[in-house]
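Numbering (my numbering), first residue to last: 28 to 112.
Below is the structure:
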């Protein structure tokens, strides 16, 4: 698996994936007074796509925040990061 994603063109049915990693934050593992982790993880992406005739293109952007307590990603709900053209 690749360590990063770069802009690329896809054919119908083609997929790609990557594992993205970073060094631990100096405060990693810090616990707040209410016993919850104090750091946040956000995943942000943009998907550009178009029709087969290449006459129209669209863009979808997304941003999700990891909730360690619920072990799931959740919608950020900010129109600067979540939109469709």
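The beta carbon of each residue, even a glycine, is placed where N, CA and C say it ideally should be.
Inset, instruction - Provide the residue(s) that pair with residue 90 in DSSP beta bridges, ordered along the chain. - result: 71
Inset, instruction - Go ahead and pull the three-state DSSP assignment for residue 102. - result: strand
Inset, instruction - Verify whether the separation of the beta carbon atoms of residue 85 and residue 109 is less than 9 Å. - result: no
Legend entry - When 87, 95 and 83 are compared against residue 75, the one with the closest alpha-carbon: 87
Inset, instruction - Tell whether a beta-carbon distance below 9 Å holds between residue 94 and residue 101. - result: yes
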